[in-house]
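Student: Numbering (our numbering), first residue to last: 6 to 68. Glycine included, C-beta positions come from ideal geometry on N, C-alpha and C. Computed from a predicted model, the values in this text were never measured in an experiment. Below is the structure I would like to discuss, written out as structure tokens.
Rendered as structure tokens:
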């Protein structure tokens, strides 16, 4: 695991805290899920069958 410091707008930080309270997840976990979701969507949009298969494999391992 790597440590990362983010400088975010106050409104974004408030949204993250609200989501964390609603979901019961740590903010780090939510950021990780959001990054994975965006990454997977970009791979799917690429329409490259090899990348799509890779994305599915990564997603299945995550679940």
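Have a look at residue 25 and residue 55 and give me their C-alpha separation to the nearest angstrom.
Tutor: The alpha-carbon atoms of residue 25 and residue 55 are separated by roughly 35 Å.
Student: Alpha carbon to alpha carbon, how far is residue 58 from residue 32? Give it in angstroms, no decimals.
Tutor: When rounded, the distance between both Cα atoms is 29 Å.
Student: Rounded to whole angstroms, what is the Cα-Cα separation between residue 11 and residue 38?
Tutor: So the alpha carbons of these two residues sit roughly 16 Å apart.
Student: Identify which residue in 36, 30 and 50 has its Cα closest to the Cα of residue 13.
Tutor: The shortest C-alpha separation from residue 13 is found at 36.
Student: Starting from the Cα of residue 6, find the closest Cα among 34, 63, 62 and 51 and give me that residue.
Tutor: Comparing Cα positions, the closest option is 34.
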